[in-house]
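For reference, the structure is listed below as structure tokens.
In my numbering, the protein residues as written are 174 to 478.
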């Protein structure tokens, strides 16, 4: 699928899940270097930046919503010339889809388009990093729900949820960290062109600042998730210790009762109360008295209750 948006003295061509023929048509139209062709025809596993024939290639991966409300990495390839921007993506990338709809609506309302290549490039990155921040906030909402469940006494069920959220933040942090060097080199190469003018240096700083802001936001929330996981483990450990203490205390209460039972069950010569018709109730009374005394002792020590 090919989307075109003409702006002042240039055009943005967006290729979504393109066929090989569509990619080759765009290569011929803009005389894109053959060294970029391989990267355009298939996904690239890592961030990449390259320049050739007056144009620059950038391959970045952005964290986004995945299946089962998980986080996945989406690739976006940028090829930037003086009068054009080509973006290639191998699946639907929500921020670029929304930007296309926004530009289409703006074209219908405003006849005069004042956007230039450098402005449009900054807008593209602004939407992409805004989507990263929105995704971070979405994960943070899940973390807030897990936190409420954790302090409501559901530590056993929340420990896996917190671990999954921490893993999502870790993947996002790694993805944004992998962008840093390539994005800086890409913007530096573009800033060296005369076509964009001296104002582009300020635009490049804003783009880098957006990536840095998103990375700091993810790192901060990942630290929060890590602290909550430690708190969850401490609460779970404390709860298990209380259970073990209660079970041990109950065992200490019943151990003397068992000893009394075994003593009177021996039926040897000279066993007290063996001939008494009320022996059973006397033994039961002794056992209840011992149990009451031990329970009162443990309660006074605050080992139970």
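Just so it is clear, CB atoms sit at the ideal spot from N, CA and C, and this is done for glycine as well.
In the DSSP secondary-structure assignment, residue 236 is bridged to 246. In the pairwise beta carbon analysis, the region 233 to 240 is classified as not touching the region 195 to 213: fewer than three pairs are separated by under 8 Å. Residues 395 of the same chain have their beta carbon placed closer than 7 Å to that of residue 343, with the five preceding and five following residues left out of the count.
A distance of 8 Å or more separates the beta carbons of residue 244 and residue 362. Short of 7 Å from the beta carbon of residue 195, and not among the five residues preceding or following it, lie these beta carbons of its own chain, in chain order: 175 and 188. The C-alpha of residue 240 is placed about 50 Å away from the C-alpha of residue 424.
Around the beta-carbon of residue 405, 16 or more other beta-carbon atoms lie within 10 Å, marking it buried. Here residue 199 is buried: its Cβ has 16 or more other Cβ atoms, across all protein chains shown, within 10 Å. Inter-residue distance for residue 401 and residue 314 is about 14 Å (C-alpha atoms, whole angstroms). Listed as beta-bridge partners of residue 221 by DSSP are 232. A contact is defined here as three or more CB-CB pairs under 8 Å, and the region 421 to 435 fails this definition with respect to the region 367 to 374. In the three-state scheme derived from DSSP, where H, G and I count as helix and E and B as strand, residue 179 is classed as strand. Burial check for residue 374: the Cβ neighbour count within 10 Å stays below 16, so the residue is exposed.
Scanning its chain for C-beta atoms nearer than 7 Å, with the 5 sequence neighbours on each side dropped, one finds around residue 190 the residues 174, 263 and 264, in chain order. Note on residue 383: 16 or more other CB atoms within 10 angstroms of its CB, so buried under the neighbour-count rule. Between residue 221 and residue 210, the C-beta gap is not smaller than 8 Å, which leaves the two residues out of contact.
Straight through space, the alpha carbons of residue 218 and residue 310 are spaced by roughly 26 Å. Distance from the CA of residue 252 to the CA of residue 223, rounded to the nearest whole angstrom, comes to 9 Å. With 16 or more neighbouring CB atoms inside 10 Å of its own CB, residue 308 falls in the buried class.
Taking all protein chains shown into account, residue 339 has 16 or more neighbouring C-beta atoms within 10 Å of its C-beta and is therefore buried.
The Cβ-Cβ distance between residue 376 and residue 250 does not fall below 8 Å.
Where residue 331 is concerned, there is no enclosing beta strand (DSSP E), although the alpha helix (DSSP H) around it starts and stops at 328 to 364. Per the DSSP secondary-structure output, residue 251 pairs in a beta bridge with 231 and 260.
According to DSSP, residue pairing for residue 467 in a beta bridge does not occur. Burial is judged here by how many other beta carbons sit within 10 angstroms of a residue's own beta carbon; residue 279 has fewer than 16 and is exposed. For the pair residue 360 and residue 381, the CB atoms are nearer than the 8 Å cut-off. A straight-line Cα-Cα distance of about 35 Å links residue 304 and residue 409. Residue 391 carries a helical assignment under DSSP once its states are collapsed to helix, strand and coil. In this structure, the alpha-carbon of residue 300 lies about 15 Å from that of residue 185. At the C-beta level, residue 477 and residue 419 come within 8 Å of one another.
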